[in-house]
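Enquirer: Taken in order, these protein sequences are the chains called A and B. Numbering-wise, the UniProt record's numbering puts 102 at position 102 of the first sequence, and it's gapless, one number per residue. Numbering-wise, the UniProt record's numbering puts 59 at position 59 of the second sequence, and it's gapless, one number per residue. Before anything else, here's the structure in question.
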Amino acid sequence: MKKLVLATAALALSAGLASADTVRMGTEGAYPPWNFINDKGEVDGFERALGDELCKRAELTCEWVTNEWDSIIPNLVSGNYDVIIAGMSITDEREQVIDFTQNYTPPDPSAYLALSADLDVEGAVIAAQTNTIQAAFVAEHGWTLVEFATPEETIAAVRNGEADAVLADKSYLAPVAEAEADLVLLEREEAIGGGVGMGVRESDGELKAKFDAAIQSMKDDGSLNALISKWEVSSTF
Amino acid sequence: MFNFCTDPDTLPQLQWFACYLTTGKHMGFYASFGTVLLLLAITAPTALLFGFGGASAARARLLPLRWFGKAYIALVRGVPDIAFFLFFVIALDQAFEWMRHQVKCPDWDQPVRQGNDFVVCAAAKMPLGTSPQWVHETYGFFLAVLTFAIVFGAFAANVLYGAMRAVPYAQIETAEAYGMSHRQTFWRILVPQMWVFALPGLSNLWMVLIKATPLLFLLGVEDIVYWARELGGTANPRFTDYPHGDWRMWYFLALLVFYLGFTRISELALDRIMRRLSHGQATAAGEAQRRTAGGPP
């Protein structure tokens, strides 16, 4: 009996400790509608809403931090934060360095944004953000690629004629095309990427399992689809 | 901020700007000016201290110490700043954590390096994973100060090393003739006289340091250039109450004014210091001062 009480106490204690865990969520904060800094100066967007809900379901306390896209993987690996949640597509190349949870958006085609709708992208100058699947795609095809550190700069490059088109996630380009009359989405789209997931350190299997379970529960009860539609980030599951 | 800001779409231009410029995001921008100034205020004296140590070591009589001083100056000056910032800070952070790991978790059986990952026990994390965000930010800030101090300290060491050699040798000889010890000569004769030779070099370093602060963002500290880029970027009406086009030019213009103004103030201050340091020195400027004060020709 005494043993049982002790065991329960230990269990309760360790459960208490586990729920007090702080998980630091690293994001870019420059990629609306996925993640951006709102007027109040806080991280906002689809991934903020998703991340907060996942943390609630996994019973974790979450803190949000922003980090430049370029160094977002090195800073995860060296432990500055515990999770990358930044619209990062799951690719084999990244899988070699970090682990991904299951995807929280389905694989979606990437789109082109250009000044005129009849642009032939083959042979054109294409802008893309550094270290993205889109940049890798353009480089693979041997087209002329100009890379930029932030997504904002890729759009500016098209506007001022430095590049002919931007290749990026359609969800990022669509609001831009909507707001600016002289920029249009091309009909051509590219099926690249394997869906977007959260990145965790390879040694962090426990955290990955927790988030996997939380994502699954959101997929099962349809709340993930609702969130995707609300922020218009991708197609639904 | 103001109570008329509830519906920005309907506001006349002046009030719209009043609201726009006082959003929480802009407050972050204004606060980052403080961050940069604070960084400079702490880094400059620390770097000078590192430089003084390095220069003293480089001319020490003890051979290993001299090697250490010269190696420090040569190594750090030779490595590009950006490589130093990306590599060294991560290495420094991991070194701290590794040491804490050895002390706090002696019975940990897993390897610290697991492939790409650097894994230490939770108690050894710097700062602790459970500490609030401001602790992480302060830690990052001081890591930045330390790195800046080491980099700029090496340059300062080289400047001071040259300045120590520029002090006229006759001064040292006279001190020795008066029977001063090596230590006394160093502190009473050499150090007070070297500053006037060091100041032009040090003022260059100060100017470079002012402009080097955007490197902060590599370390996750949000500096003024980061905020200017973030705020100036096109603001889409779907994601903000204050939509606008690409205003980066205006934000960077504001930064330009800030940097130029700051440089000008620095120049004025440095001129004053130079005047003070030249006072009574056996240099051309000191001699000119003596004559205008009416001393014998």
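No residue lacks a Cβ here, since even glycine has one placed at the ideal position from N, Cα and C.
(1) With 8 Å set as the bound, which would you pick, yes or no: does the beta-carbon of A15 of chain A sit closer than that to a beta-carbon of chain B?
(2) Counting only runs of 4+ residues fully inside the region 173-199 of chain B, write out the alpha helix (DSSP H) ranges in chain order.
(3) Note down, in chain order, each residue of its chain lying with its Cβ closer than 8 Å to the Cβ of D212 of chain A, except the 5 sequence neighbours on either side.
(4) For T23 of chain B and D220 of chain A, which I take to be in contact (beta-carbon distance under 8 Å), what is that distance rounded to the nearest angstrom?
(5) How long is the line joining the alpha carbons of Y31 of chain A and I228 of chain A, rounded to whole angstroms?
(6) I'd like to know if R238 of chain B contacts chain A, where contact means its C-beta is closer than 8 Å to some C-beta of that chain.
(7) So if I threshold CB-CB distances at 7 Å, which residues from the region 76-104 of chain A count as touching chain B?
(8) Can a CB atom of chain B be found closer than 8 Å to the CB of S19 of chain A?
(9) Hey, how far is the Cα of L231 of chain B from the Cα of D118 of chain A?
(10) With DSSP run on the structure shown, which of helix, strand or coil describes N35 of chain A?
(11) Would you list the one or two residues that DSSP bridges to T27 of chain A?
(12) Report buried or exposed for S116 of chain A, applying the criterion of at least 16 other Cβ atoms within 10 angstroms of its Cβ.
(13) If L205 of chain B sits next to F85 of chain B, beta carbons under 8 Å apart, how far is it from one beta carbon to the other, in whole angstroms?
(14) Taking C-beta pairs closer than 7 Å, name the residues in chain A that V119 of chain B reaches, listed in chain order.
(15) At a CB-CB cut-off below 8 Å, which residues of chain B make contact with K40 of chain A?
(16) Answer with yes or no whether the minimum CB distance from F217 of chain B to chain A is below 8 Å.
(17) Would you say Y242 of chain B lies against chain A (beta-carbon separation less than 8 Å)?
(18) Note down, in chain order, every chain B residue with its Cβ under 7 Å from the Cβ of T236 of chain A.
(19) One question on the structure: do T46 of chain B and V145 of chain B come within less than 8 Å of each other, judged by their Cβ atoms?
(20) Return the Cβ separation of L255 of chain B and I224 of chain B in integer angstroms, given the expectation that the two are a contact with Cβ distance under 8 Å.
(21) Let me check understanding here. Comparing Cα to Cα, which of A:P175, A:E187, A:L183 and A:P106 lies closest to N160 of chain A?
(22) If the criterion is Cβ atoms closer than 8 Å, does the pair N67 of chain A and E28 of chain A meet it?
(23) Distance check for I73 of chain B and W231 of chain A, CA to CA, integer angstroms please.
(24) Helix, strand or coil for A128 of chain A per DSSP?
(25) When the cut-off is 8 Å and only beta carbons count, does T27 of chain A lie next to chain B?
(26) So with CB distances below 7 Å, who are the chain B contacts of E152 of chain A?
(27) How about Q281 of chain B: is its C-beta nearer than 8 Å to some C-beta of chain A?
(28) Take Y242 of chain B and list the residues in its own chain whose beta-carbon comes closer than 8 Å to its own, dropping the five residues that flank it on each side.
(29) Looking at chain B, is there any beta carbon in it that lies within less than 8 Å of the beta carbon of residue 318 of chain A?
(30) For H244 of chain B, write down the residues that DSSP places opposite it in a beta bridge.
(31) Taking 8 Å as the threshold (beta carbon to beta carbon), is D81 of chain B in contact with chain A?
(32) Closer than 8 Å by C-beta to H101 of chain B: which residues in its own chain qualify, once you throw out the five before and the five after it? Chain order, please.
(33) Consult DSSP for D182 of chain A and reduce its assignment to one of helix, strand or coil.
(34) So Y112 of chain A and R48 of chain A are supposed to be a Cβ contact under 8 Å. How far apart are they, rounded?
(35) Going by alpha carbons, who is nearest to G194 of chain A out of A:P151, A:L185 and A:I133?
(36) Bridge partners for N189 of chain A per DSSP, in chain order?
Expert: Reading from the atomic positions:
(1) With a pLDDT of 39 at A15 of chain A, under the threshold of 50, the predicted position of this residue should be treated as unreliable, though the coordinate-derived value follows. Chain B contact via Cβ: absent.
(2) none
(3) T101 and Q102
(4) With 8 Å as the limit, T23 of chain B and D220 of chain A do not qualify as a contact, their Cβ atoms being about 39 Å apart.
(5) 15 Å
(6) yes
(7) So the close ones are V77, S78, G79, N80 and V97.
(8) The predicted position of S19 of chain A is uncertain, since its pLDDT is 39 and thus under 50; no value can be drawn from it.
(9) 33 Å
(10) Strand, per DSSP.
(11) A:T66
(12) Counting Cβ neighbours within 10 Å, S116 of chain A comes out exposed, since fewer than 16 surround it.
(13) About 17 Å separates the two Cβ atoms, so there is no contact after all.
(14) S203
(15) When 8 Å is used as the limit between beta carbons, K40 of chain A is near these residues of chain B: T23, G24 and K25, in chain order.
(16) F217 of chain B counts as touching chain A.
(17) yes
(18) By Cβ distance, chain B contributes nothing, its closest Cβ being about 19 Å from T236 of chain A, past 7 Å.
(19) The Cβ atoms of T46 of chain B and V145 of chain B lie closer than 8 Å to each other.
(20) 6 Å
(21) A:L183
(22) With contacts defined by Cβ atoms closer than 8 Å, N67 of chain A and E28 of chain A form a contacting pair.
(23) When rounded, the separation of the alpha-carbon atoms in W231 of chain A and I73 of chain B is 53 Å.
(24) In this structure, A128 of chain A counts as strand in the three-state DSSP scheme.
(25) By this cut-off, T27 of chain A is not an interface position.
(26) G233 and T234
(27) Under the 8 Å criterion on CB atoms, Q281 of chain B is classed as non-interfacial with respect to chain A.
(28) P8, W16, C19, Y20, T23 and A235
(29) No statement about residue 318 of chain A is possible, as the shown extent of chain A runs from 1 to 237 and does not include it.
(30) B:A235.
(31) no
(32) W108, V112, V120, C121 and A124
(33) coil
(34) No, Y112 of chain A and R48 of chain A are not in contact; Cβ-Cβ is about 28 Å, not under 8 Å.
(35) A:I133
(36) Reading off the sequence shown, one finds Glu at residue 189 of chain A, where the question assumed Asn. In the DSSP output, where bridge partners are listed per residue, E189 of chain A has A:A111.
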